[in-house]
Amino acid sequence: MPIKIPHSLPAKEVLESENIFVMDEARAVSQDIRPLKISILNLMPTKVVTETQLLRLLSNTPLQVDITLLNTASHRSKNTAAEHLETFYKTFSSIEKEKYDGLIITGAPVERLDFADVDYWDELCAIMEWSKTHVYTSLYVCWGAFAGLYYNHGIDKHPLEQKLSGVFRHRTRLPAHPLLRGFNETFCAPHSRYSYVNQSDIESNPALLLLSDSPEAGVYIAASVDGREVYITGHPEYDTDTLRLEYLRDRAINPATPPPQHYFPENNPALPPVNTWKAHAHLLYSNWLNYFVYQNTPYDLELL
Numbered sequence: 029m030p031i032k033i034p035h036s037l038p039a040k041e042v043l044e045s046e047n048i049f050v051m052d053e054a055r056a057v058s059q060d061i062r063p064l065k066i067s068i069l070n071l072m073p074t075k076v077v078t079e080t081q082l083l084r085l086l087s088n089t090p091l092q093v094d095i096t097l098l099n100t101a102s103h104r105s106k107n108t109a110a111e112h113l114e115t116f117y118k119t120f121s122s123i124e125k126e127k128y129d130g131l132i133i134t135g136a137p138v139e140r141l142d143f144a145d146v147d148y149w150d151e152l153c154a155i156m157e158w159s160k161t162h163v164y165t166s167l168y169v170c171w172g173a174f175a176g177l178y179y180n181h182g183i184d185k186h187p188l189e190q191k192l193s194g195v196f197r198h199r200t201r202l203p204a205h206p207l208l209r210g211f212n213e214t215f216c217a218p219h220s221r222y223s224y225v226n227q228s229d230i231e232s233n234p235a236l237l238l239l240s241d242s243p244e245a246g247v248y249i250a251a252s253v254d255g256r257e258v259y260i261t262g263h264p265e266y267d268t269d270t271l272r273l274e275y276l277r278d279r280a281i282n283p284a285t286p287p288p289q290h291y292f293p294e295n296n297p298a299l300p301p302v303n304t305w306k307a308h309a310h311l312l313y314s315n316w317l318n319y320f321v322y323q324n325t326p327y328d329l330e331l332l
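When you line the sequence shown up against this note's numbering, it's residues 29 to 332, in that order.
Next up, the structure:
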């Protein structure tokens, strides 16, 4: 079933080439069904790539999804054309009176900064506070998850000695939880980060549930007991070659950069990586849309 996006968004052509059902506004308005309103606060520097990755995952359900792309007004992107942002993105001030079924806050390349030192931290805090009354459920990804855990629950992030990069095996801690419905007992997911949160901080918080972790990568998925918040410390949306491109970028700066763990066959960067996480990435986002958004959000969003 379709995802509804602007006709000229660059991701549209990519998704259609992958046989993903994409619906433009003209066709969507003729359907007598309320689409789910999902806003994406895209904090990643490569915004077009991240848009495509997330839209791919949000499209794999029988639900029509109406996407609003957001960027921060307090930070100017250096890696995305201003024309693209002006055409496809909105800022918080333009949508703050609206209500949404779901919100996704992406990762950001600011992990080694204290939260207060991030130039858009105050704006992000305002958005997270707004989401408590204007969004039914929010999904926080990578640095976004660390920011959300800190703002909503006072759980701080901690620096790693070196970057955690690779594809790691995880286990389901609460396999009966709706977010993990259909998951294998163990599954793979990519990580690319410089920080972590203590597992004990999640487990000791009565408002949170630890859903998945990894012996090597630590906490992966946590959620609030009421299902209004989901935290993912990795990057399930990553394409097959995303970690490879990051590795080549980092190695150009520091030739001693190790390759991502459990990613290249035989740990040989000369061999093309194999995607081992795509199925669970699609299932994770489908479960979130179905069980946390569609099944619970009111038809009339003004009742939020």
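Each residue gets a CB set at the ideal place from its N, CA and C atoms; glycine is no exception.
Worksheet item: Residue range of the alpha helix (DSSP H) that Leu82 falls in?
Response: For the purposes of this step, residue 82 is taken as residue 54 along the sequence shown, with counting starting at 1. 75-86 is the extent of the alpha helix (DSSP H) around Leu82.
Worksheet entry | Extent of the continuous alpha helix (DSSP H) to which Glu265 belongs | What you label residue 265 is simply residue 237 of the sequence shown in a count that begins at 1. Careful: Glu265 lies outside any alpha helix (DSSP H) and carries neither H nor E.
Worksheet item: Can you tell me whether Asp269 is buried or exposed, with buried defined as 16 or more other CB within 10 angstroms of its CB?
Response: Translated into positions along the sequence shown, residue 269 becomes position 241. Counting the other Cβ atoms within 10 Å of the Cβ of Asp269 gives fewer than 16, which makes it exposed.
Worksheet entry | Residues bridged to Thr214 (per DSSP) | As a position in the sequence shown, residue 214 is number 186, starting the count at 1. Beta-bridge pairing by DSSP links Thr214 to Arg199.
Worksheet item: Is Tyr179 helix, strand or coil by DSSP?
Response: Residue mapping note: residue 179 aligns to position 151 of the sequence shown, counting from 1. The answer is helix: DSSP assigns Tyr179 an H, G or I state.
Worksheet entry | Coarse secondary structure for Ala109, derived from DSSP in three states | The count along the sequence shown starts at 1 and reaches residue 109 at position 81. In the three-state reduction of the DSSP assignment, Ala109 falls in the coil class.
Fill in: beta strand (DSSP E) runs contained entirely in the region 151-178, provided each spans 3 or more residues
Segments of the beta strand (DSSP E) lying fully in the region 151-178: 163-169.
Discussion item. Could you tell me the alpha carbon to alpha carbon distance between Ala175 and Phe143, rounded to whole angstroms?
Written reply: Position 147 of the sequence shown, counted from the start, is the residue given in the question as residue 175. Position 115 of the sequence shown, counted from the start, is the residue given in the question as residue 143. Between Ala175 and Phe143, the C-alpha separation is close to 7 Å.
Worksheet item: Around the C-beta of His35, are 16 or more other C-beta atoms found within 10 angstroms, so that it is buried, or is it exposed?
Response: For the purposes of this step, residue 35 is identified with residue 7 of the sequence shown, where counting begins at 1. When all chains shown are included, His35 counts as exposed.
Worksheet entry | Bounding residues of the beta strand (DSSP E) (the contiguous stretch that carries Leu65) | For this step, residue 65 is matched to residue 37 along the sequence shown. As written in the sequence, residue 65 is Lys, which differs from the Leu given in the question. Per DSSP, Lys65 belongs to the beta strand (DSSP E) from 64-69.
Fill in: Rounded straight-line distance, which links the Cα of Trp305 to that of Asn107
Indexing the sequence shown from 1 puts residue 107 at position 79. Indexing the sequence shown from 1 puts residue 305 at position 277. Cα atoms of Asn107 and Trp305: separation of roughly 27 Å, rounded to the nearest angstrom.
Practice prompt. From the DSSP output, in three-state form, read off Arg221 for me.
Written response: For this step, residue 221 is matched to residue 193 along the sequence shown. If DSSP states are grouped into helix, strand and coil, Arg221 belongs with the strands.
Worksheet item: Is it true that the CB of Leu69 sits closer than 9 Å to the CB of Thr134?
Response: Here residue 134 refers to the residue found at position 106 of the sequence shown. Here residue 69 refers to the residue found at position 41 of the sequence shown. In contact: Thr134 and Leu69 (Cβ atoms closer than 9 Å).
Item to complete: Could you name the residues that DSSP lists as bridge partners for Leu97?
Response: Sequence index remark: in the sequence shown, residue 97 carries index 69 (1-based). Ile68, Tyr117.
Worksheet item: Quick one, are the C-beta atoms of Lys32 and Gln81 less than 9 Å apart?
Response: Within the sequence shown, the letter at position 4 stands for residue 32. Within the sequence shown, the letter at position 53 stands for residue 81. Not closer than 9 Å, so no.
Discussion item. Spatial neighbours of Tyr148 within its chain, please: C-beta separation below 7 Å, excluding the five flanking residues on both sides.
Written reply: The count along the sequence shown starts at 1 and reaches residue 148 at position 120. Closer than 7 Å at the Cβ level, and outside the excluded window around Tyr148, lie Thr100, Ser102, His103.
Discussion item. My output table needs one value for Ser228: the three-state DSSP class, helix, strand or coil.
Written reply: Against the sequence shown, residue 228 aligns to sequence position 200. Correct three-state label for Ser228: helix.
Worksheet entry | Classification of Lys65 by the beta-carbon crowding that lies within 10 angstroms, buried from 16 upward | Looking up residue 65 in the sequence shown gives position 37. Buried, since its Cβ has 16 or more Cβ neighbours within 10 Å.
Worksheet entry | Residues bridged to Ala250 [DSSP beta-bridge criterion] | Taking the first residue of the sequence shown as position 1, residue 250 is located at position 222. According to DSSP, which records beta bridges pairwise, Ala250 is partnered with Leu238, Tyr259.
Discussion item. Can you tell me whether Phe109 is buried or exposed? The criterion is at least 16 other CB atoms within 10 Å of its CB, across all chains shown.
Written reply: Position 81 of the sequence shown, counting from 1, holds the residue named residue 109. The sequence as given places Ala at residue 109; Phe does not occur at that position. So Ala109 ends up on the exposed side.
Worksheet item: Per DSSP, Gly135 forms a beta bridge with which residues?
Response: Translated into the one-based positions of the sequence shown, residue 135 becomes position 107. Bridge pairing for Gly135: absent [DSSP].
Discussion item. For Leu202 and Leu167, which I take to be in contact (beta-carbon distance under 8 Å), what is that distance rounded to the nearest angstrom?
Written reply: On the sequence shown, residue 202 is found 174 positions in, with the first residue counted as 1. On the sequence shown, residue 167 is found 139 positions in, with the first residue counted as 1. Between Leu202 and Leu167 the beta-carbon gap is near 17 Å, outside 8 Å, which marks them as no contact.
Worksheet item: Whose CA, out of His162, Asp254, His308, Tyr275, lies closest to the CA of Pro287?
Response: Sequence index remark: in the sequence shown, residue 287 carries index 259 (1-based). Ranking His162, Asp254, His308, Tyr275 by Cα distance to Pro287 puts Tyr275 first.
Item to complete: With a threshold of 16 other CB atoms inside 10 Å of the CB of Val258, please say whether the residue is buried or exposed.
Response: In the sequence shown, the residue the question calls residue 258 occupies position 230. Buried: at least 16 other Cβ atoms inside 10 Å.
Fill in: Between the CA atoms of Asp241 and Ala250 - distance to the nearest angstrom
Walking along the sequence shown from the start, residue 250 turns up at place 222. Walking along the sequence shown from the start, residue 241 turns up at place 213. In this structure, the alpha-carbon of Ala250 lies about 9 Å from that of Asp241.
Discussion item. Closer than 8 Å is the cut-off here; do at least three beta carbon pairs connect the region 186-199 with the region 120-138?
Written reply: Segments in contact, no.
Worksheet item: Going by the beta-carbon positions, is the gap between Gly220 and Leu271 smaller than 9 Å?
Response: Stepping through the sequence shown from its first residue, residue 220 is reached at position 192. Stepping through the sequence shown from its first residue, residue 271 is reached at position 243. Residue 220 is actually Ser in this sequence, not Gly. For the 9 Å CB-CB criterion, Ser220 and Leu271 form a contact.
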